[in-house]
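Enquirer:
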Amino acid sequence: MIKYNFIRRFATVFLGCVFCALTYAQHTTEFLFVETASDYLRKIMQTNAKAVFAEIHSARDQDKPGLDLLPANVTKDAIKRIQTLWATSHFYCTETDITARVLQLPNGCYQVRNVPVYFEQDSIEENRYQDIAIEFDAAGKVSDLYKVINQYGDIMNNASEVSDIKHRQMVVNFLENFRTAYNRKDLPFLRSVYSEDALIITGKVLQQQKRSDIPVSNNTQKILYSTQNKKQYINKLESIFNNNTYLNIKFDSIAVVRHEGHPNVYGVTLKQDWYASGGYQDVGWLFLMIDFDAEANPLIWVRTWQPLKNPITGEDIYYATEDILGLGDFPFVPVANK
Numbered sequence: 286m287i288k289y290n291f292i293r294r295f296a297t298v299f300l301g302c303v304f305c306a307l308t309y310a311q312h313t314t315e316f317l318f319v320e321t322a323s324d325y326l327r328k329i330m331q332t333n334a335k336a337v338f339a340e341i342h343s344a345r346d347q348d349k350p351g352l353d354l355l356p357a358n359v360t361k362d363a364i365k366r367i368q369t370l371w372a373t374s375h376f377y378c379t380e381t382d383i384t385a386r387v388l389q390l391p392n393g394c395y396q397v398r399n400v401p402v403y404f405e406q407d408s409i410e411e412n413r414y415q416d417i418a419i420e421f422d423a424a425g426k427v428s429d430l431y432k433v434i435n436q437y438g439d440i441m442n443n444a445s446e447v448s449d450i451k452h453r454q455m456v457v458n459f460l461e462n463f464r465t466a467y468n469r470k471d472l473p474f475l476r477s478v479y480s481e482d483a484l485i486i487t488g489k490v491l492q493q494q495k496r497s498d499i500p501v502s503n504n505t506q507k508i509l510y511s512t513q514n515k516k517q518y519i520n521k522l523e524s525i526f527n528n529n530t531y532l533n534i535k536f537d538s539i540a541v542v543r544h545e546g547h548p549n550v551y552g553v554t555l556k557q558d559w560y561a562s563g564g565y566q567d568v569g570w571l572f573l574m575i576d577f578d579a580e581a582n583p584l585i586w587v588r589t590w591q592p593l594k595n596p597i598t599g600e601d602i603y604y605a606t607e608d609i610l611g612l613g614d615f616p617f618v619p620v621a622n623k
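Each residue of the sequence shown is one higher than the one before, counting from 286 in the working numbering.
Listed below in C-alpha cells is the structure:
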C-alpha cells in the first residue's frame, strides 16, 4: 500500500508538471481585429500579428537570444526595431485572445492599441506590465511595434489646443515612437529626429551647503542649466546606452500646444520618468518643440529637462507654473537646411 501511494503521488506530480510545461510552451495569442479596415485586410493583419507573437513566445520559451521574424509577416525596418526592443528586454503578450479596433493613421498605415505585454528585464515589478501598439502598413504587414502613452484618449479627444484630429494623431504617434526609441536604445532614430541645430538644455540640481540655523526648503533648491548641441547630446546618450542593458522611459502629464505663427510646430510638455538597469532613476519636466513641416520626418528643435527630484537627498523639487519651460520661452526661427 505504501509503495502504491508513493507511485500514485509521483505520477500525479509528474503529470502535473508535464501539463504545466505543455500549457506554458503552447501559449499563443489569437487576434481579432474589428472596424475601419476591410475584412480581407484585417484577416491579413491578424495572421501577421499572430505570427509575430508566436515567434516572440517561442523565443522566450526556448531562451533564444534573438527573434527570427519573417519578411512575409513584418517589414524590413520593423524586423530590426522589434529585434532591438527584444534585445533590451524579453517580453511577451500576457493574453491568449486579443480583440482590438483597427485605427487608420494619417500616413496610410493602420494601428491596434493596448496589447498587454510583460517586460521581464525591468527591475520594478509594476513597470513590467505595459501596453504596446502594433502598426501595419497598407498591405497588412507589421510595420512597427512600440509602447503606448496612457493619455492617448485625452489627447485625441481634447480639441482645445490642437483642433485637427490628424495633427493630434501625428503628435501622439511621434511621442510613442520617440519614447520607445529610448527604450530600445535606438541611436539612428534619435539622430534622425533631432535637428542639426537643435537647442538642448539640461537642468542639474546644485548641492547647497546647509547651515544648521537656517532650514532649507524644497523651493530653495537651485537649478543650474547647461546647453548641449546635437553631437554632444547623442554622444552622451550612446554612453548611457552602452552602460545599461535595459532602459524604461515613461511619459505622463502630457500637454500639447500648437504654435500660433507656425501651424506645423508643436510644443509638448510632459513628465518623464527614467529608469536604468544600472540603478539610475530620475524624473523631471521634459519639453520638446517639434516641427512637423515634413510630416514623414518631424524634427525636434528644442529639448529641455528640468529635474523634479534631488538625486542626492531624494527631496522633491517644485516649480511655479510660469517656471516650467514651454513653447512661449523659445522663438521658432526656421532655417533653410533643416
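Where is the CB? At the ideal position from N, CA and C, for every residue including glycine. Since we're looking at a predicted model, the values are computed, not measured.
1. For the stretch 410-438, list the alpha helix (DSSP H) runs that are entirely contained and at least 4 residues long, ordered along the chain.
2. Can you look up ILE534 in the DSSP assignment and give me helix, strand or coil?
3. Identify whether TYR325 lies in helix, strand or coil by the three-state DSSP scheme.
4. According to DSSP, simplified to helix, strand and coil, what is TYR603?
5. Do you know offhand how far VAL359's Cα is from GLN331's?
6. Smallest Cα separation from VAL542: which of THR530, LEU555 and TYR531?
7. Tell me the DSSP bridge mates of GLY569?
8. Please name the residue in TYR560, ASN458, LEU571 and ALA357 whose C-alpha comes closest to that of THR487.
9. Considering only DSSP beta bridges, list what PHE404 is partnered with.
10. Nearest-angstrom Cα distance between LYS535 and LEU355?
11. What is the C-beta distance between PHE632 and HIS544, in whole angstroms, given that I count them as a contact (C-beta under 8 Å)?
12. Hey, quick one: how far does the beta strand (DSSP E) through VAL319 stretch, first residue to last?
13. Just the Cα atoms here: how many angstroms apart are ARG413 and TRP559?
14. Beta-carbon within less than 7 Å of ARG433's beta-carbon, same chain only, minus the 5 sequence neighbours each way: which residues are those?
15. What does the alpha-carbon distance come out to for the pair LYS335 and LEU370?
16. Could you check the C-alpha separation between TYR467 and ASP537 for me, to the nearest Å?
17. In the DSSP assignment, the alpha helix (DSSP H) including ARG476 goes from what residue to what residue?
18. Using the Cα positions of SER408 and LYS349, report the straight-line distance between them to the nearest angstrom.
19. By how many angstroms is the C-alpha of PHE577 removed from the C-alpha of ALA605?
20. Among ILE367, LEU484 and THR379, which one has its Cα closest to the Cα of TYR431?
21. Please classify GLY613 as buried or exposed, where buried requires at least 16 neighbouring CB atoms within 10 angstroms.
22. Distance check for ARG588 and MET574, CA to CA, integer angstroms please.
23. In three-state terms, what does DSSP make of SER562?
24. Roughly how far, in whole angstroms, is the beta-carbon of THR321 from the beta-carbon of LEU388, given that I think they are within contact range, below 8 Å?
25. At the level of alpha carbons, what is the spacing between GLN517 and ARG476?
26. GLY599: buried (16+ other C-beta within 10 angstroms of its C-beta) or exposed?
27. Which word fits GLU607, buried or exposed, when buried means at least 16 other C-beta atoms lie within 10 angstroms of its C-beta?
28. DSSP three-state label for LEU388, please.
29. Report, in whole angstroms, the separation of the C-beta atoms of ASP429 and ALA363, which I expect to be a contact under 8 Å.
30. If you count every other CB in all the chains shown that lies within 10 Å of the CB of ARG294, and 16 or more means buried, which is it?
31. Could you give the distance in angstroms between the alpha-carbon of GLU523 and the alpha-carbon of LYS470?
32. Can you tell me the Cα-Cα spacing of VAL553 and VAL319, whole angstroms?
33. Going by alpha carbons, who is nearest to ASP567 out of ASN549, GLY546, ILE597 and ALA579?
34. Verify whether the separation of the beta carbon atoms of GLN454 and TYR531 is less than 8 Å.
35. Just mark SER480 as buried or exposed, buried being the case when its beta carbon has 16 or more other beta carbons within 10 Å.
Expert: Put simply:
1. 410-413
2. strand
3. helix
4. coil
5. 12 Å
6. LEU555
7. GLN557 and PRO592
8. LEU571
9. PHE376
10. 30 Å
11. Nothing can be reported for residue 632: it is not among the residues displayed for the chain, which extend from 286 to 623.
12. 315-319
13. 14 Å
14. With the sequence shown as reference, residue 433 is identified as Val, and Arg is not the correct amino acid for it. Counting only Cβ-Cβ distances below 7 Å, and skipping sequence neighbours, we find ARG398, ASN399, ASP416, ILE417, ALA418 and GLU461.
15. 18 Å
16. 16 Å
17. 472-478
18. 21 Å
19. 30 Å
20. ILE367
21. exposed
22. 7 Å
23. coil
24. 6 Å
25. 11 Å
26. exposed
27. exposed
28. strand
29. 5 Å
30. Confidence at ARG294 is low in this model, with a pLDDT of 48, below 50, so the placement of that residue should be treated as unreliable; the coordinate-derived value is given next. Exposed.
31. 8 Å
32. 32 Å
33. ILE597
34. no
35. buried
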